[in-house]
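Numbering (the working numbering), first residue to last: 10 to 295.
Right under this line is the structure:
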């Protein structure tokens with residue numbers, strides 16, 4: 010395969026991000042040109058890994074494809090794949106922690122093998138792999154003022170976003186044979202996840218109470234992670250505020266009306282996302 014030019018490689022990643030990153034792209038577009046390109050490269054590779062996990066291939070083929078990505082990461086500078094070429098350049102320009110992609114691969118493997126989580130601590134480890142890793146990759150692109158907790162804040166923010174995803178996608182995940190809510194929480198609220206007539210069943214309100222409880226816990230992770238904002242420059246801080254703000258607003262909508270996720274995949278409108286982005290550019294959280 011002919012090695013693409015850097016311009017072609019980054020253009021490929023930006024096309025992927027623009028098409029697939031329904032929420033993240035609202036924040037990414039607020040970055041400076043070079044950082045925007047670098048974060049699109051990071052997203053494009055992360056998306057490739059996620060798509061392997063979510064695809065319809067047999068488990069053995071998914072495992073083989075994840076291994077291919079691992080090998081490509083190990084030989085990044087020799088790759089002719091446009092996404093890998095862009096990631097390699099981004100990592101040369103910014104302190105991108107490439108080892109975080111290894112954690113993402115580990116997290117996606119948890120999905121592939123259908124792992125269940127008995128406790129919230131176990132779920133947190135999964136979230137750290139699939140989303141905290143993304144937070145740390147973003148931080149590498151953003152850059153930040155020296156602070157001993159910066160990486161932890163980025164990790165916490167990613168974990169908060171993933172908890173929001175889990176609450177939004179309970180029905181969709183269950184239809185795909187996946188349950189992320191910890192067993193200890195399901196038991197505590199007397200919830201047996203099942204779908205009746207196309208919607209999540211909640212005969213006694215236990216699921217709604219569990220969702221509200223989980224949302225309150227996610228708010229604590231957001232509060233911790235949002236300490237990252239003051240450590241970033243204006244444009245990177247705006248990107249962070251926008252990405253987190255969209256998910257925080259979604260979390261509050263779910264907490265206000267848990268039943269809204271029982272029969273559909275809840276999302277914000279384009280106008281609402283734009284509003285979050287505009288406020289973020291002005292330095293205001295959603």
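Idealized CB from N, CA, C, for every residue including glycine.
So what's residue i in DSSP terms, helix, strand or just coil?
{"i": "residue 197", "result": "helix"}
{"i": "residue 84", "result": "coil"}
{"i": "residue 188", "result": "coil"}
{"i": "residue 208", "result": "strand"}
{"i": "residue 161", "result": "helix"}
{"i": "residue 203", "result": "coil"}
{"i": "residue 245", "result": "helix"}
{"i": "residue 145", "result": "helix"}
{"i": "residue 154", "result": "coil"}
Along the chain, where does the alpha helix (DSSP H) that runs through residue i open and close?
{"i": "residue 139", "result": "Residue 139 -> no alpha helix (DSSP H), and no H or E assigned at all."}
{"i": "residue 113", "result": "108-121"}
{"i": "residue 269", "result": "Neither: residue 269 is in no alpha helix (DSSP H) and is coded neither H nor E."}
{"i": "residue 219", "result": "215-234"}
{"i": "residue 301", "result": "The chain is shown from 10 up to 295; residue 301 falls before or after that span and cannot be answered."}
{"i": "residue 105", "result": "Per DSSP, residue 105 belongs to no alpha helix (DSSP H) and is neither H nor E."}
Quick one: measure Cβ to Cβ for residue i and residue j, integer angstroms, because I've assumed they're closer than 8 Å.
{"i": "residue 85", "j": "residue 286", "result": "No, residue 85 and residue 286 are not in contact; Cβ-Cβ is about 32 Å, not under 8 Å."}
{"i": "residue 168", "j": "residue 133", "result": "6 Å"}
{"i": "residue 138", "j": "residue 116", "result": "3 Å"}
{"i": "residue 11", "j": "residue 89", "result": "7 Å"}
{"i": "residue 118", "j": "residue 165", "result": "Going by Cβ atoms, the distance from residue 118 to residue 165 rounds to 23 Å, so no, they are not a contact pair."}
{"i": "residue 180", "j": "residue 271", "result": "6 Å"}
Alpha helix (DSSP H) runs contained entirely in the region 24-83, provided each spans 4 or more residues: 33-37, 42-63, 68-83, all fully within the region 24-83.
The region 151-164 in contact with the region 75-94 per 3-pair CB rule at 8 Å: no
Touching by the beta-carbon criterion (3+ pairs, under 8 Å), the region 253-269 and the region 175-184: Cβ pair count under 8 Å is three or more, so yes.
Meets three-Cβ-pair contact criterion under 8 Å: the region 270-290 and the region 50-61: no
Three CB pairs or more closer than 8 Å across the region 183-201 and the region 209-227: yes
Stretch-stretch touch, CB-based, cutoff 8 Å, three pairs: the region 145-153 with the region 241-252: yes
The region 22-42 in contact with the region 62-76 per 3-pair CB rule at 8 Å: Taking a cut-off of 8 Å on C-beta distances, the region 22-42 does not touch the region 62-76, as fewer than three cross pairs fall below it.
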